[in-house]
Every structure is written in structure tokens, then in C-alpha cells.
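Novice:
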Amino acid sequence: MARATARHILVESEEKCLALKAEIEGGRDFAEVAREHSSCPSGRQGGDLGAFGPGQMVPEFDKVVFSGELNTVLGPVKTQFGYHLLEVTSRS
Numbered sequence: 001m002a003r004a005t006a007r008h009i010l011v012e013s014e015e016k017c018l019a020l021k022a023e024i025e026g027g028r029d030f031a032e033v034a035r036e037h038s039s040c041p042s043g044r045q046g047g048d049l050g051a052f053g054p055g056q057m058v059p060e061f062d063k064v065v066f067s068g069e070l071n072t073v074l075g076p077v078k079t080q081f082g083y084h085l086l087e088v089t090s091r092s
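Anchor point for the sequence shown: position 42 equals 42 in the UniProt record's numbering, and the numbering is continuous, going up by one each time.
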């Protein structure tokens, strides 16, 4: 079965998501931005979600995690929780 490890940042608006993505692409550390801005409890761990398989996350999240480019900031991805920036750190 496929497995992935990823980290994410969850915020309430697409505009905030895009602004944070620009900061990370400009050189800010993803984990630091997650600790400062993510509304998900995982933010305290730099957004780290650990390892998971398909179907363990919401469909919009799964689609990006299991098809997106590795080690690249992906998003904004809209789910019922808000807007996410994702970074897939491994996939097998």
C-alpha cells in the first residue's frame, strides 16, 4: 500500500495561504511558518503529519499528497477545514 509523509500549514483564507507560500518560496523555513501561523495542532511540530496512507486524510488532501511533486510547497488546497499548504516529504 502507498504511504506518504507530509507536513502542512492550515489557515482560514486563500489570501493568507498564498502570502505564506510566497514567504516560504522566498526562503523562510516551512516549519517555522507552520509554528507561527498554522491553526492545526500539528503546527506545534512544524506542520509534521507523520506517515499515512490513502484515505486517511480528506480527499482533496489525498489527491495532492499522492500525486504532487515531492519536497515542493503545494497549494493552496481547499478542504472543509480551510486552506492548506502542503509539502510531501516522502512517498512509497
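Note that the Cβ used here is the ideal one computed from N, Cα and C, for glycine as well.
Return helix, strand or coil for residue 62, following the three-state DSSP convention.
Specialist: helix
Novice: Which one or two residues does DSSP pair with residue 29 in a beta bridge?
Specialist: For residue 29, which the question treats as bridged, DSSP gives no partner whatsoever.
Novice: Only counting the same chain, and skipping five residues up and downstream in sequence, which positions put a Cβ closer than 8 Å to that of residue 44?
Specialist: 35
Novice: On the CB-based measure, 16 or more other CB atoms within 10 Å of its CB, does residue 3 come out buried or exposed?
Specialist: exposed
Novice: Would you mind sorting residue 82 into buried or exposed? The rule is 16 or more other CB atoms within 10 Å of its CB.
Specialist: buried
Novice: Out of 53, 85, 89, which has the shortest C-alpha to C-alpha gap to residue 11?
Specialist: Comparing Cα-Cα distances from residue 11 to each of 53, 85, 89, the minimum goes to 85.
Novice: Judging by CA-CA distance, which residue of 71, 70, 65 is the nearest neighbour of residue 77?
Specialist: 65
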